[in-house]
Every structure is written in C-alpha cells, then in structure tokens.
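In what follows, a structure is listed as structure tokens, so that the remarks can point back to it.
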Amino acid sequence: MKNDQAGLYIHIPFCLSKCGYCSFYSISSVHLIPEFIKAVAGEMAFYKNTFHAFDTIYLGGGTPSLLSVQQIDDILKAVNNNFNIEQHSEITIEVNPGDVSLEYLQQLRKLGINRLNIGIQSFDDPVLKFLGRRHTSKEAVFAFDAARKAGFDNIGIDLIYGLSGQDIDVWKQTLKETLSFFPEHLSCYQLSLDEKTPLYKQYKKEGLKLTVENEALDFFMTTSQILTDAGYIHYEVSNFARTDSLKSRHNMKYWRHTPYLGLGPAAHSFLDCKRWWNKAAVKPYLKDISEGKKPVEKSEQLSTKQLALEALFLGMRTKDGINFELYKKRYGSDLLADKRPIIDELIKNNLIELKNDSLCPTLAGMAVADSLALI
Ligand code: SF4
C-alpha cells in the first residue's frame, strides 16, 4: 500500500545562532559541514538493504538552508545511490527566511526538491526578536515570494503563538498576513519552553508567564476557526493543509507508525516494532561513522501494548482519528468493545465522535488531545 512506504529523514544539526525557545541539539561549527556530509552518506550505507523504498525525504534541522546547493546535491545523490526512491516522492527541505536568495531556491527546485517548509514563526518583528530569530518579517515576505518565483507549488509556513502577554490581535494579524500568501500548508505551534532554553530562563528571571490554559485554548480555537474558514483542513493539532493531497506525507508517517529512517545526529528511526536513535552530539556521531560503526545511542523494542498506547496518543491528535478495524488488525485490541463506557462519556462531553468506523477527536477534543489518549 502506497501509504506504507517508509520515510527518510536527514537531520542537519547546524544553526548559526540559538533561538531562545529551542531545545533541539544544534551547533554553530559550520566548518564541520563537509565532514558531516561525508558521514551522513556513510551512515546511509549501513541501511542500504534495510528499507525496501522511500516515498518521502525530509531535510530538517537545525538549519538545512545553511548548506550550499552543491552540499544538498551531494546528500541527495548519496540518497539515490543507496536507496530506492519512489517516483513522485515528496522531497521537503526546511529553510530559514534569512538564508535564501531566489537563485538558491531555483537551484533547490532543480535538484528535485518539491516541498519547502519556511520557518517564518511570525510576521511581527518584535515577536521575532523576542524569539531570538535571525530573520526579519521583511525577509520572511521575501523568502515566500522568492519560493513561489522559483517554482515551488507546495510551501509550508511554520508559526509560533502563545508568547507571554501576546495580544490575540497581533496573532490574528500574523494569520491574516500568512493567508495573503496562500501557502499550501501551515504549522501553528504553541510555544512551550524546556527548562534548558534561554527563553525559559528569561521568563523565570523577568517573572513572565506562559500563556495560561484558557488563553491557550482561545489561541487554539481562534487559529482553527480562522484557518478552516479560509478553507484549510485542520488535520492534526498543529497542522493545516489546503487539500488532502497537501498534508505533509512525511509527518503523517510518524503519526501512523509507518516505518521511517532517520539519519544524522539525534535522528530517530522506526521499523518492525523497533525504535532507535542516534547520538545527539555531532563529534561522537562523526567519530562512530569514521570508525565504521552505526552512531546509534539506544534502541528499544516496543511491545504490542506499548504500540497500541502510542497509536492512541498519536491518533487522538489527528482529525482522522483511529480506525477501529486497522487498530484491531495492528494491535489486537477492540477499542470500541474494550473502552465503551469511557468512549460514551467522552462523546457526551463532545470531545470525541464516531465517524466512518473511526474514533475521532472533535475540535474541543483536539485541544486536549494528550489527555484523551489516557482513555
Ligand atoms: S533555527 Fe530552528 S533548530 Fe536552529 S536554533 Fe532556531 S529553532 Fe532551533
């Protein structure tokens, strides 16, 4: 089945500076990029015969747009030399608005990259500054226009909301401006702060408050309302697409337990009930590969019970929810029969609904998706 083809993720662990809210591992030692590219090609060789074929490739980070066109080409050539890549694969790259020129984007398009994810985060300069982003709203506008001119017809925009004291009208203005570009895909993430991030420390020091629960709900509902009114499908808690075919095929693999291979530092992989992940730090990653070893930090074998729980957690975050028949086939559990009383209760509270032989979260349910998984 087409949907069961595996996805390939390549993590580019370099960022010129650290955004205040970011807890992902990245380093600014860009002089290591050439060595990293050789290493990632070396890592591919370990998995040459493990996955039958891929139909999505995702270059994420970090900041993949710090790589030159030639370096991205080298990675894609190595991918094609080591793996079977299906025709009409979705090939995405994340870009930072401050990094891209029209020529750069045209070259990426020529390499066969057919989907762009632009980390715009906001069209408001004070918000961008507060988040510690390197780009301005003017650069964000330029990046989107240049991407269209370069021929990209599948562009996603990432946005963040829920900052301390953020006025909902400023957020509505960012959404309005975003919609004026008519992007194919939108990811709207609520700001959450890991204790190790600089912004968390700033919040603590200045006594700032993260958006409280009812405000967060207000932002979530307003976002959903504005974007669905504009014709978008709210298909996952944070994700919106203009049509079914414009949903992120790659990310859907994570939500559906479809196999995926992650290459690069900290990347995660999943196949046959097994999950493994790489060492996060770049130097140990490079060292392992130079010594002919897989740079795997740890792996775990998931029991059917663990997978079933995960599927519940992931399914309750998506509009399509959980298909009973598929769930039973995969995890051996009859969800409807096993959980009927609690399901009835949640239906009564308008948090879930039964649709097309599936258990689906309502919009109110999606807003509290993580707690729904506890049924
Ligand atoms: S560019 Fe992305 S990965 Fe890099 S620090 Fe900022 S949020 Fe984190």
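The opening residue of the sequence shown carries number 131 in this note's numbering; numbering runs sequentially from there. The beta-carbon is built from N, C-alpha and C at its ideal position, and this holds for glycine as well. Model, not experiment: these values are computed from the prediction.
Continuous beta strand (DSSP E) stretch holding residue i: start and end
i       : result
Ser-219 : 215–225
Lys-485 : 482–485
Gln-251 : 245–251
Pro-491 : 488–491
Asp-400 : Checking the sequence, you will find Phe at residue 400 rather than Asp. Segment 398–401, the beta strand (DSSP E) holding Phe-400.
Val-426 : 426–431
Ligand 1 heavy atom lying under 7 angstroms from the CB of residue i
i       : result
Met-266 : The sequence given here has Thr at residue 266, not Met. Outside the cutoff, so no.
Cys-152 : yes
Lys-148 : yes
Asn-226 : yes
Cys-145 : yes
Thr-193 : yes
Ser-156 : yes
Gly-249 : yes
Bridge partners - residue i, DSSP secondary structure assignment
i       : result
Trp-301 : According to DSSP, Trp-301 bridges with nothing at all.
Tyr-177 : According to DSSP, Tyr-177 bridges with nothing at all.
Ala-136 : Phe-184
Glu-366 : Asn-369, Thr-448
Tyr-390 : Gly-137, Phe-400
Trp-99  : No answer is possible for residue 99: it lies beyond the span of the chain, which begins at 131 and ends at 505.
Asn-591 : This structure does not reach residue 591, given that the chain is present from 131 up to 505, and the question cannot be answered.
Ile-142 : Gly-191
Ile-157 : Phe-144
Assumed close pair residue i, residue j - CB separation to whole angstroms, cut-off 8 angstroms
i       : j       : result
Trp-385 : Arg-460 : With a Cβ gap of about 14 angstroms, Trp-385 and Arg-460 do not count as contacting.
Ala-371 : Glu-314 : 7 angstroms
Asp-418 : Lys-409 : 7 angstroms
Thr-186 : Glu-220 : 5 angstroms
Ile-157 : Val-412 : 6 angstroms
Asp-81  : Ile-250 : What the structure shows of the chain is the stretch from 131 to 505, and residue 81 is not part of that stretch, so it cannot be assessed.
Range of the contiguous alpha helix (DSSP H) that encloses residue i
i       : result
Val-412 : 412–420
Val-209 : 199–212
His-380 : 379–385
Arg-470 : 470–478
Ala-346 : 343–359
Ser-501 : 499–502
Val-230 : Run containing Val-230: none; DSSP gives neither H nor E here.
Interface flag, residue i vs chain D, CB-CB below 8 angstroms
i       : result
Asn-480 : The structure shown contains no chain D; it holds only a single protein chain.
- Message: My parser needs the beta strand (DSSP E) runs of 3 or more residues fully inside the stretch 270–325; what are they?
- Response: 285–291, 315–320
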